[in-house]
Every structure is written in C-alpha cells, then in structure tokens.
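This report refers to the structure that appears directly beneath it.
Protein chains in written order, with the working numbering: chain A, 1 to 372; chain B, 373 to 415.
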C-alpha cells in the first residue's frame, strides 16, 4: 500500500506541475480522484486484513497458553445469517467445476497446494488428469497412503483433519461443547429419530429396544433389535463389559484429503440428510455462530458395530457444501430449495436389506466432501 | 467441513472386567484416515 501511495503521490505531483504550467485543472483534478479512491479501498482492505491477522494471532497465543476461547457471538455472525450462503456455495461449485486447460492444470493445483498445504505427492493421478479444481479437490490417494491400523480393538479416524473435541457422555443429556461456553445436543445433531442410546448401559438390547426419543412402534424396534442381534449383543451371560457413549469432532482444512472412510467394521442402516444452512465452519465461526453444527447442512449415517451404536455426521460449509455418498451415488446435497421455509425434518433413507443395511469394512470409502 | 462421530464402546464395569475404551489422541492433534482414534483392551 505504501508503494502505491508513493507512486500516486509522484504522479499527482507531476500532474500538479503540469496544471500549474497551464494544463486543464479540472480533468487533472478528476484523474487524481480515481487513484485516491483506489488508495482508500486498498487502505481499507489492508486495515481489515491486518486486524484479522491480529485477531488470529491473539487466538493462537491464547490457545498456546491453554486459555480456551469463549463463545462470543458478534455482528459478523448476525450479518452472515442475512447472506444467501447456499446460493453463494453453489456459485462457488459452478466456478470450480469449470474445465481448466491442460497446460494450466499443474500450475493451478500447485498454487492451491501451496496456499492450503496439500500434499500433491499423494494424489492418485497426474495433475493433468484432473479436469477441474472440483475434481482435484475430491481426488483419491495413491494405494497405501493411508494404512489402516491393524489392531482389531481400535477405532480409526474416518478422515484427515484436526481433532477439535472428544470425550465420553456421562449422565443424562448428551451435549457436545462447540466451544467453551456453548454446547449443542447430540440428538439435535443426529436427529430426533436417531437410535442414539441415551445412557451407558450393561446390555445393548435393553437400551436399543427403548431408546428415549424414538417413536415406539413395534416394527421399528423389531428390525433394529434384529439388526443388533449379533452374537455379541444377544450374549445372555452378563460378562460383557458395559458400554459408554463417546464422541469425537474432527475439522478438515481446505487443503486436507476430503474423502470419508469407515472407522470400524459396521452396517449402515439409515442415512438422514438435514438441508440446513451453510455457514463457514472455521475456528472463528465456531466461536461466534450459535448451533453451527446443528444448523449447517449435514448427512448422518447410523448403524450398529460389534461394540454397539455408531453414527457419523458429515457437516458441510460455505466453500464445501456438497457431501457425496459412494454407497448412494445418486444422492445430492446443497440443492436449490423448492420452498422458502425449508422443513427441519431430515430426509431419511433406510438401506436394504432392511435391518441389515450396507456392510462396510474398516477403512472402506464411504463418502466425500466436495466444493459447491 | 467437519465430521462428528458418536459411538458406543466398552467401558470398565464395576472393576471385574478390564475392557475399557481410551482415546489415543489429544485436542489439536492432526490425524489421518486409518490412524487409531482410540483402543480398548479385553484381558
């Protein structure tokens, strides 16, 4: 900005001399206004960027000292609610779907990798093969890049990312802290019709049959009970350990590998799609937007595994508004809404065969996030 | 984007069984697909 100001001052000085020597003051004066507006805009952008960097530095210093940032809604969060974020997200998707000329592709993808710290060595295909940025974004990795932990008694990460929160639910009311000072309930994240067992229990069948917030019609309970009827669950001897209910929140940066894999061997019985809003989900948004994960568009996959209940919620964001399911290729998210007031009830699908669902092995590809 | 996992896993039961799920990560850790989030032991 200082370089531009010097340049413009020099230019203004020469023009002033020229006008003094009889040039036409008015046109010279106007031309000076244009650079002045440019400089003012640049200055404003510079100030905003400097302030944002200062805020981020403050947050980082606080985190290094172990000080947890508190939830503080601000004007920007309120302003975001007024924006057509879903349309903006779809426009971004159209933009990133534009086919890039082959000779430009490596340069553009290397620039993206540099900006977002992606590892290009792992991309399964040569960079020229990705026709658009959107195709590059949802790239798969070379064989062997993500070995699955062979320990049969471990649960693996479904995605690349940063661990934001994890823990065990103890006592009634399963709440997850979005950020210090603000929590959201798991049943609102997974949906009221979730089979979420609400308390730690000694036997799965006790709770599975009577989950608190589920409509107790016999057919639904029966096939859920059947689907849970793995030998482990029906073991009459109460030597089996109790089961706790745990959670883990993982944040994916724009440069991360964005495919979702199976964390254990499990059966996916049901998929729920909540077409909510598409707020950004970066660190700042989690500190300022209330109920961020419960309001954003998301897809919930639910089913049993050998140790009980398993659910994965994939939550979209403004820049990454699409969630594609490899187990349901025709499924789409972030579609234009037919009605202004969208219903809060999720669109649901039960996978065949009913009560058994889709069988997945630990490490199998399940879904992918994509732009737009 | 964000992924939230909610799952059941074994916990210690009145001390007589030694199976208990424990996370093997910390907040802020970078993790990759296939790496262990947590383990339990049945002895």
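Positions of the beta carbon are idealized from the N, C-alpha and C atoms, including for glycine.
Quantities reported herein were computed from a predicted structural model and do not represent experimental measurements.
In this structure, DSSP gives residue 154/A an extended state, which the three-state scheme calls strand. Within the region 302-334 of chain A, the residues whose Cβ lies closer than 7 Å to any Cβ of chain B are, in chain order, 307, 308, 309, 310, 311, 312, 313, 314, 315, 316, 317, 320. Secondary-structure assignment with DSSP links residue 270/A through a beta bridge to 302/A, 350/A. Looking at the backbone, the Cα of residue 171/A and that of residue 60/A are separated by about 33 Å. Annotated as distal: residue 404/B and residue 259/A, with beta-carbon spacing of 7 Å or more. Going by C-alpha positions, residue 257/A is about 16 Å away from residue 401/B. Beta-bridge partners assigned by DSSP to residue 245/A: 169/A, 380/B. Residue 413/B counts as exposed, since fewer than 16 other C-beta atoms from the protein chains shown sit within 10 angstroms of its C-beta.
In this chain, the beta strand (DSSP E) harbouring residue 179/A covers 175-179. Counting only the Cα atoms, residue 102/A lies some 8 Å from residue 129/A.
Residue 249/A reaches chain B at 374, 375, 376, 377, counting residues in chain order whose Cβ is nearer than 9 Å. For residue 41/A, DSSP assigns no beta-bridge partner whatsoever. Listed as beta-bridge partners of residue 358/A by DSSP are 268/A. A straight-line Cα-Cα distance of about 42 Å links residue 377/B and residue 44/A.
DSSP places residue 185/A in the uninterrupted beta strand (DSSP E) bounded by 182-185. The shortest CA-to-CA distance from residue 267/A to any of 294/A, 301/A, 278/A, 255/A is the one to 301/A. Burial check for residue 53/A: the Cβ neighbour count within 10 Å stays below 16, so the residue is exposed. Between residue 152/A and chain B, the shortest Cβ-Cβ separation is not below 7 Å. If you look at residue 325/A, you'll find it in the beta strand (DSSP E) that goes 322-325. The three-state reading of DSSP puts residue 309/A in strand, counting E and B together. Boundaries for residue 258/A: no beta strand (DSSP E) harbours it, and the DSSP string shows neither H nor E there. Within 10 angstroms of the beta-carbon of residue 74/A lie fewer than 16 other beta-carbons, which makes it exposed.
Within chain B, no C-beta atom comes less than 8 Å from the C-beta of residue 117/A; the nearest is roughly 11 Å away.
Contact holds between the region 266-284 of chain A and the region 322-332 of chain A, because three or more Cβ pairs, one in each stretch, are under 8 Å apart. By the Cβ neighbour-count rule, residue 178/A is buried, with 16 or more other Cβ atoms within 10 Å of its own. Contact check between the region 105-114 of chain A and the region 84-91 of chain A: fewer than three CB pairs, one atom from each, fall below 8 Å, which does not count as touching. Excluding sequence positions up to five before and after residue 410/B, its CB lies within less than 8 Å of the CB of 381, 393, 394, 395, 396, 397, all in the same chain and listed in chain order. Per DSSP, reduced to three states, the secondary structure at residue 333/A is coil, with no helix or strand assignment. Close partners of residue 369/A in chain B (Cβ separation under 7 Å): 373. With contacts defined by Cβ atoms closer than 7 Å, residue 148/A and residue 362/A form a contacting pair.
At a cut-off of 7 Å, the C-beta of residue 294/A has no neighbouring C-beta in chain B. Residue-level contact by beta carbon fails for residue 364/A and chain B, as no gap is shorter than 7 Å. Contacts with chain B at 7 Å (Cβ-Cβ) include residue 160/A. DSSP, reduced to helix, strand and coil, places residue 195/A outside both helices and strands of the structure shown, so it counts as coil. CA-to-CA, the gap between residue 110/A and residue 365/A works out to about 26 Å. DSSP, read as helix, strand or coil, puts residue 116/A in helix.
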